[in-house]
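Written below as structure tokens is the structure these notes are about.
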Amino acid sequence: MNLATIGTSWITSAFIQAAKKSGRLNLHSVYSRSLEQSKEFARKHQAANFYTDLDEMLTNEEIDVIYIASPNSLHYQHAIKCLEAKKHVICEKPIFSNTKEYIAAYRCAEENNVFLFEAIRNIHTPNFHLLAKELHKVGKLRSASLNYLQYSSRYDAFLNGDVPNVFSLEFSGGALVDLGVYPLFMAISLFGKPNKIHYFPVKLRNGIDGNGTLILQYTDFTCNILCSKISHSYLPSEIHGEDGTILLDMPSCITNLEFKDHRSKTSTTFSTEQVEDDMVYEINDFINIMETNDIQEYDRLKRLSNTVLEITEEARRQNNILFKSEQEG
Numbered sequence: 386m387n388l389a390t391i392g393t394s395w396i397t398s399a400f401i402q403a404a405k406k407s408g409r410l411n412l413h414s415v416y417s418r419s420l421e422q423s424k425e426f427a428r429k430h431q432a433a434n435f436y437t438d439l440d441e442m443l444t445n446e447e448i449d450v451i452y453i454a455s456p457n458s459l460h461y462q463h464a465i466k467c468l469e470a471k472k473h474v475i476c477e478k479p480i481f482s483n484t485k486e487y488i489a490a491y492r493c494a495e496e497n498n499v500f501l502f503e504a505i506r507n508i509h510t511p512n513f514h515l516l517a518k519e520l521h522k523v524g525k526l527r528s529a530s531l532n533y534l535q536y537s538s539r540y541d542a543f544l545n546g547d548v549p550n551v552f553s554l555e556f557s558g559g560a561l562v563d564l565g566v567y568p569l570f571m572a573i574s575l576f577g578k579p580n581k582i583h584y585f586p587v588k589l590r591n592g593i594d595g596n597g598t599l600i601l602q603y604t605d606f607t608c609n610i611l612c613s614k615i616s617h618s619y620l621p622s623e624i625h626g627e628d629g630t631i632l633l634d635m636p637s638c639i640t641n642l643e644f645k646d647h648r649s650k651t652s653t654t655f656s657t658e659q660v661e662d663d664m665v666y667e668i669n670d671f672i673n674i675m676e677t678n679d680i681q682e683y684d685r686l687k688r689l690s691n692t693v694l695e696i697t698e699e700a701r702r703q704n705n706i707l708f709k710s711e712q713e714g
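So the numbering used here is basically just the index in the sequence shown, starting at one, shifted up by 385.
Structure, rendered in structure tokens:
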């Protein structure tokens, strides 16, 4: 299948590299509003075509799939254009700013008989599947602590008075939707939808959440998610049960898994090897769905994206963190 991309950041480069490794997507075209950036990005990744006019690119009938990695607030308008042009869409997380956009976009995908996916790589990897398979070993679940705290390379610019996209309400940024979605997707995939949620953010000068603690309340246990773009953690994440505890290194990309048995006092490492370009796993899953028309798996991923978006939207609502499009009504 022929691939086109929207966006020229490092994440787009990583996706292209993984796409090439998968052998299932051929880079056909790249798009950027800047002619210089579009041309250079095409040269860097050996794309045959580069565009500065999105509408023009969408008329190219050779393009099958479009990967969107523009600023978060632009995901929706870019996705709608692509879907209306009857192109399959893989949109980088967070897929949209709110559930209103989600509902409209998936309706548009259905009307145009194309697929729409959220690129959230961690839940597609072999180590995540292994974690899900071995989760029963902890026994009755009692708590979980999933952490993703990473000092942003753009935070110093924010401290100096700039407002990078990831710290901007205008571009739908913040710690929860940028980093917190990784452990959140993991939690919802493993534990299901919680009964209640509570979010306790640390707001920065413009009202954006620089870090925060998201509490997911279930019937018999709670899951605490810590996320930050203004501090760093070196602690592992843990899932606690009455029989044992599972430790994992990074919710965004698990490379190490360990089970500690409470009764035998033994520890067992059970992680498996993964390719470094781990986006290849989500790409393979998406292509499999498209090629086999696996609606059951497609609907599962759709519901997962919807649940996560409902939770992040409610978390922001609790704290009056409104993106620009929501402020405008």
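Ideal Cβ placement from N, Cα and C applies to all residues, glycine included. Note that the structure is predicted; figures quoted are calculated from it, not measured.
- Annotation for alanine 404: the continuous alpha helix (DSSP H) segment containing it runs 395 to 407.
- Here arginine 506 is buried. Its C-beta has 16 or more other C-beta atoms within 10 Å.
- In this structure, the straight-line span from the alpha carbon of threonine 510 to that of isoleucine 674 is close to 16 Å.
- Contact check for leucine 561 against serine 618 fails: the beta carbons are separated by 8 Å or more.
- Taken in chain order, the unbroken stretches of beta strand (DSSP E) that lie wholly in the stretch 506 to 560 and span 3 residues or more are 526 to 534.
- Annotation for leucine 569: the continuous alpha helix (DSSP H) segment containing it runs 566 to 576.
- If you keep only unbroken beta strand (DSSP E) runs of at least 3 residues inside the stretch 591 to 615, you get 594 to 602, 607 to 613.
- For threonine 654, the beta-bridge partners assigned by DSSP are Glu643.
- Pairing serine 637 with isoleucine 480 gives a Cβ-Cβ distance that is not under 8 Å.
- Listed as beta-bridge partners of valine 499 by DSSP are no residues whatsoever.
- For leucine 633, the three-state secondary structure derived from DSSP is strand.
- For alanine 542, the number of other beta carbons within 10 angstroms of its own is below 16, and it is reported as exposed.
- For histidine 617, DSSP records no beta bridge to any residue.
- Note on aspartate 438: under 16 other CB atoms within 10 angstroms of its CB, so exposed under the neighbour-count rule.
- Cβ contact annotation for glycine 626 (same chain, cutoff 7 Å, sequence separation greater than five): Val523, Gly524, Lys525, Leu526, Arg527, in chain order.
- From the listed residues Pro568, Thr651, Thr484, Glu519, the smallest Cα separation to serine 710 is found for Thr484.
- Residue state for glutamate 627 is assigned as coil, using DSSP reduced to three classes.
- The residue from Leu601, Asn532, Leu515 with its alpha-carbon nearest to that of serine 656 is Leu515.
- Contact between the stretch 455 to 468 and the stretch 429 to 437 is absent: fewer than 3 CB-CB pairs across the two stretches fall below 8 Å.
- Each residue's CA atom was taken as its position, placing isoleucine 680 and isoleucine 672 some 13 Å apart.
- Remark: C-beta atoms of serine 557 and serine 482 approach each other more closely than 8 Å.
- Per DSSP, the continuous beta strand (DSSP E) segment holding serine 414 begins and ends at 411 to 416.
- Taking 8 Å as the cut-off, the beta carbon of phenylalanine 585 is found no closer than this to the beta carbon of glycine 595.
- Between aspartate 662 and alanine 403, the beta carbon gap of about 4 Å places them in contact (Cβ cut-off 8 Å).
- Look at leucine 388 here: in three-state DSSP terms it is strand.
- Separation of cysteine 608 and glutamate 519 (C-alpha to C-alpha, rounded to the nearest whole angstrom) is 18 Å.
- For isoleucine 451, the enclosing beta strand (DSSP E) covers residues 450 to 453.
- In the DSSP annotation of this structure, the continuous segment of the beta strand (DSSP E) that includes glutamate 477 starts and ends at 473 to 477.
- In the DSSP assignment, phenylalanine 426 falls within the alpha helix (DSSP H) that extends over 420 to 430.
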